[in-house]
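These notes are about the structure you will find just below.
Chains as they are written, first to last, in full-length UniProt numbering: chain X, 1 to 265; chain G, 1 to 265.
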């Protein structure tokens, strides 16, 4: 998603040029290019798919909408398995129109996890609840902190449900380091993502994630928390940024790789 | 601030028409109209000033900037005392340019409170730390949760330092109800403010606070938490909203009064 201006073959080629061997993918470009074709492309390019983004959107009250969301998440699990990744990132969904019931919405997320966890396990896929920044609580994700994500995840086995740790969403939270330790202790850090916090935020606050090193977040500090908690997996850089998307994708990918090296150990 | 398009005399007159007897004021319009003149205006109109907004901006590292901030806050305390309110709302300030040290910035807030608390007490004014929504953590307020605000406030006597509870900033936080109880138990809820959460957020995320009843927040739920914690003070409505500011101020004030009645007990 960081370089969504690149087609998947361009992305694979650019990764090869830069010596990048891991890639996180999003469902939409995979579906457009074709699931089996993408699986073959990354296999032939020697790329490992670290995670698939994203399932989720579990908060509907309407029965048909709920059933459709669960069916779509089963497809996402199938896609993850076909791509060879063991991790599906979940964005929980926001409040249904007109609802003010955050607690109820969070419980519906738990209900969905109970249905999907065993299916994911059968396919060798772990679900990774991603707490999004509280500014998305109403319209995108009712799970706003790592503590909330772990409260949900811990109702299930760790090989079914864990969390996504993304610096952009948790950097402000002085409780997050303790929650990373909690997540690590039960083997629930299923992926670790970097994006920097830059202001002013754009209208809608969706596409303003800063390039690593451009903002307020000390990436090494968070890397140390995660690694001290036992995490040894890949570190992903996930940027949604209109200014980056407007540039040449290969140049942005190369810049991102440099920034990653400069801002992590 | 909700109806900043009204001059202070217009505001006093409109409050009188609507039977509103309490008003929260901001420093800038008071300074423009004149401090003594404002004090006389509200006194003659039979209005009680509930709070003065705002002091704070304590996070500078530079010694001259810190001294200037403390001097300005002493003036704010003087102004509050002259206006007859016992509460000065504090917005802590963001990260200094180039800094990634949230912890250090929060400690500098504590240092400033230690200097200002006794001065405020001498003037019969309580400082009310306002945690702002985490989306303001870098550029406006490093205190993002009620828990953080109370961790700071509890280093000082409650009659010197407490907190501002504003629905807009804390509604997403499932830990906030317990923190309201904590604040109430030590007599630290110094004011309670309402604004609703509406999306999409505008660029810069400053002037998109929703009219009471327009958004995702259950106002009665938060009123009940605050009152169950022993709060008996005024409830303020504080909206920053470009669309509301563009309308007739008297009409907006009347609408706000109606919405307040409809959405609270």
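Every residue, glycine too, gets a C-beta built ideally from N, C-alpha and C.
All figures in this text were calculated on a predicted structure; none of them were measured in a lab.
Within the stretch 213–225 of chain G, contact with chain X at the beta-carbon level (separation under 7 angstroms) is assigned to 216, 217, 218.
In the three-state scheme derived from DSSP, where H, G and I count as helix and E and B as strand, residue 16(G) is classed as helix. Fully contained in the stretch 137–202 of chain G are the following alpha helix (DSSP H) runs of length 4 or more, in chain order: 146–153, 167–170, 176–185. Within the model, the alpha-carbon separation for residue 146(G) versus residue 179(G) is close to 6 angstroms. With respect to chain X, the C-beta atom of residue 92(G) has no partner C-beta closer than 7 angstroms. Taking one beta carbon from each stretch, the stretch 120–133 of chain G and the stretch 164–178 of chain G have 3 or more pairs nearer than 8 angstroms; the two touch.
About 7 angstroms separates the beta carbons of residue 244(X) and residue 211(X), which is inside the 8 angstroms limit, making them a contact pair. Counting only runs of 4 or more residues that sit fully inside the stretch 206–230 of chain G, the alpha helix (DSSP H) segments are 219–228, in chain order. With 16 or more neighbouring CB atoms inside 10 Å of its own CB, residue 238(X) falls in the buried class. Taking 7 angstroms as the Cβ-Cβ cut-off, the stretch 189–207 of chain G approaches chain X at 197, 199, 200, 201, 202, 203, 204, 205, given in chain order. Taking 7 angstroms as the upper bound on Cβ-Cβ separation, chain G lies near residues 133, 134, 135, 137, 138, 139, 144, 148 of the stretch 128–162 of chain X. Residues of the stretch 172–186 of chain X with a C-beta atom less than 8 angstroms from some C-beta of chain G are 172, 173, 174, 175, listed in chain order.
Runs of the alpha helix (DSSP H) spanning 4 or more residues and lying entirely within the stretch 40–109 of chain X occur at 63–83, in chain order. The beta carbon of residue 58(X) lies closer than 7 angstroms to those of 69, 92, 93, 108, 109, 112 in the same chain, with the five residues before and after it left out.
Legend: CB atoms of the stretch 93–116 of chain X lying less than 9 angstroms from CB atoms of chain G belong to residues 94, 95, 99, 100, 101, 102, 103, 106. Comparing alpha carbon positions, the residue from 174(G), 181(G), 138(G) closest to residue 150(G) is 181(G).
The Cβ-Cβ distance between residue 126(X) and residue 184(X) does not fall below 7 angstroms.
Contact check for residue 164(G) against residue 128(G) passes: the beta carbons are separated by less than 7 angstroms. Assigned with DSSP and collapsed to three states, residue 130(G) falls in coil, not helix or strand.
Comparing alpha carbon positions, the residue from 142(X), 48(X), 7(X), 219(X) closest to residue 103(X) is 142(X). Proximity of the stretch 216–233 of chain X to the stretch 4–14 of chain G falls short of the contact definition, fewer than three beta-carbon pairs being nearer than 8 angstroms.
Your pair residue 50(G) and residue 23(G) checks out as a contact, with CB atoms roughly 7 angstroms apart and the cut at 8 angstroms. Counting along the chain, residue 23(G) sits inside no alpha helix (DSSP H); it lies in the beta strand (DSSP E) bounded by residues 22–26. Assignment of residue 237(X) by DSSP, reduced to helix, strand and coil, places it in the strand class. Bounds of the alpha helix (DSSP H) holding residue 257(X) are 249–263. Of the residues 216(G), 248(G), 120(G), the one whose Cα lies closest to the Cα of residue 71(G) is 120(G). In the DSSP annotation of this structure, residue 6(G) is not part of any alpha helix (DSSP H), being labelled neither H nor E.
By the CB criterion at 7 angstroms, residue 216(X) and residue 100(G) fall inside the cutoff.
With a 10 Å radius around the Cβ and a threshold of 16 neighbouring Cβ atoms, residue 118(G) comes out exposed.
Of the other Cβ atoms in all chains shown, 16 or more fall within 10 Å of the Cβ of residue 205(G); this residue is therefore buried.
Assignment of residue 114(G) by DSSP, reduced to helix, strand and coil, places it in the helix class. Between residue 18(G) and residue 56(G), the gap from beta carbon to beta carbon reaches 7 angstroms or more.
In the DSSP assignment, residue 243(X) falls within the unbroken alpha helix (DSSP H) covering 242–245.
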